[in-house]
Amino acid sequence: MKPSVYDRSLLAASGACPEMSALGPSGFNQDNVEIITTRFEGPAPEVAISTDMIKRGLIVAPILIAICGVIWGINGAWSSTYGVAIVLANFALAAAFIAAAARISLGLMMGATLFGYLIRLALIFIAVWLVKDASWISLPALGSTIIVTHLGLLFWEMKYVALSLAYPGLKPTRSQPAA
Amino acid sequence: MEAFSAIVAQAQDPDDAKNIAAAAGAGMAYGLAAIGPGIGIGYIVGKSVEAMARQPEAAGMVRTTMFLGIAFTEALALIGFVVFILLKFA
């Protein structure tokens, strides 16, 4: 009969069984077990960050669209709008995949992040492929908007990320004083 | 590369050869640009999951760093994608 969890922990703690002791206090390979069973049900910091980035993206979108409109004309403005929408949707999807999977298990989160990357690349490809022959599309405007918006929003967001145990996502605002 | 050279050599029209070369170059640009970020994201997520399993109280911080790391790494794939669309469709 296999020892129960309690028996395993006793065996591991007593040191009577070196193999069990090597597996840790619970008698299991800690990393493997906890990756499968650990899940996080609290607020998702990536959703807060992506929401904040989307807000900032919507603020700067008119400026980007105006710049592309000046350089590439009205087609550039439409393409730039489309590019901003692609980037913001990409951020939202990435955060949604991670947050949804983290509520189930860490192992699933890893899979969802990796396959989410492939799915999002495929979606971006389809989104561009569908409009590549449209009369209003300007591919240089679309491409430059995608790169500038993606990197620009990321670097901008770095200023507002706290990365502390008390505030793992965004820095507290004035209405939410630091602990 | 030999197969690619043979396909280009079979093209009768110089315009066809140019189009084939452009399509192959664009495909390679996108493919190669997606491999690096794929490896990078796998590494980031693997290490983050390991860190969260070891220290669940720091999970929020790790997830934030992971999300930003993934987004920065993905920028490389997006740059490759933009090169692809400019080579292939523009």
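Read top to bottom, the protein sequences are chains A and B.
So the mapping is simple: our numbering equals the position in the first sequence, first residue as 1, plus 2.
So the mapping is simple: our numbering equals the position in the second sequence, first residue as 1, plus 77.
All C-beta atoms, glycine included, are put in the ideal place defined by N, C-alpha and C.
Item                                                                                                                 : Value
Looking at the C-beta of M138(B), does it have a partner C-beta in chain A at a distance below 7 Å?                  : yes
Is F158(B) helix, strand or coil when you go by DSSP?                                                                : helix
Under 6 Å Cβ to Cβ from L110(A), same chain only, skipping five residues before and after it: list those, please.    : A103
With distances taken between CB atoms, is the gap from L165(A) to M138(B) smaller than 7 Å?                          : yes
Could you list which residues in chain B have their beta carbon closer than 8 Å to that of A97(A), in chain order?   : F144
Candidates S146(A), Y169(A), V89(A): which alpha carbon is nearest I56(A)'s?                                         : V89(A)
Provide the residue(s) that pair with L172(A) in DSSP beta bridges, ordered along the chain.                         : V163(A)
How long is the line joining the alpha carbons of A135(B) and M129(B), rounded to whole angstroms?                   : 7 Å
Where does A167(B) fall in DSSP's three states?                                                                      : coil
Please report how far the alpha carbon of I76(A) lies from the alpha carbon of P142(A), in whole angstroms.          : 13 Å
Under the rule that 16 or more other beta-carbon atoms within 10 Å means buried, what is S137(A), buried or exposed? : exposed
Quick one: list the residues of chain B neighbouring L66(A), beta-carbon separation under 7 Å, in chain order.       : None at all; the shortest Cβ gap to chain B is about 15 Å.
Could you give the distance in angstroms between the alpha-carbon of L156(A) and the alpha-carbon of T175(A)?        : 19 Å
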